[in-house]
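Encoded as structure tokens, the structure appears first; notes follow it.
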Amino acid sequence: MNEVRELVAFMRSGKRKEILLEEYLFLRRKQKKWNKKREYRLLNQLEKSEVLSVGYQKRDDEIKKNLILHNN
Numbered sequence: 000m001n002e003v004r005e006l007v008a009f010m011r012s013g014k015r016k017e018i019l020l021e022e023y024l025f026l027r028r029k030q031k032k033w034n035k036k037r038e039y040r041l042l043n044q045l046e047k048s049e050v051l052s053v054g055y056q057k058r059d060d061e062i063k064k065n066l067i068l069h070n071n
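Quick note on numbering that gives the first Met the number 0: the sequence shown kicks off at 0 and runs consecutively.
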């Protein structure tokens, strides 16, 4: 669950309760420490995570994944 741990740390450091998956991936790609393998690993780990849940949000006529951090 390393990818999820990094995501949770990122969200807590910015005091975020939720973030669009697309936005998070964009920010990670800018750091050039991100690749498709890590993205797939994150998506896989999100399905098993008890700390984060995935919601869906309509934005710009598209459905986007919204990651929601639970208060734990």
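Idealized CB from N, CA, C, for every residue including glycine.
For clarity, every value in this text was computed on a predicted model and none was experimentally measured.
Nearest to SER52 by alpha-carbon distance, out of GLY13, LYS14, TRP33 and LEU19, is LEU19. Non-local C-beta neighbours of GLU22 in its own chain, meaning closer than 8 Å and more than five positions away in sequence, are absent.
The C-alpha of GLU17 lies about 5 Å from the C-alpha of LEU66. The beta carbons of LEU45 and VAL3 sit closer together than 8 Å. Assigned with DSSP and collapsed to three states, VAL7 falls in helix.
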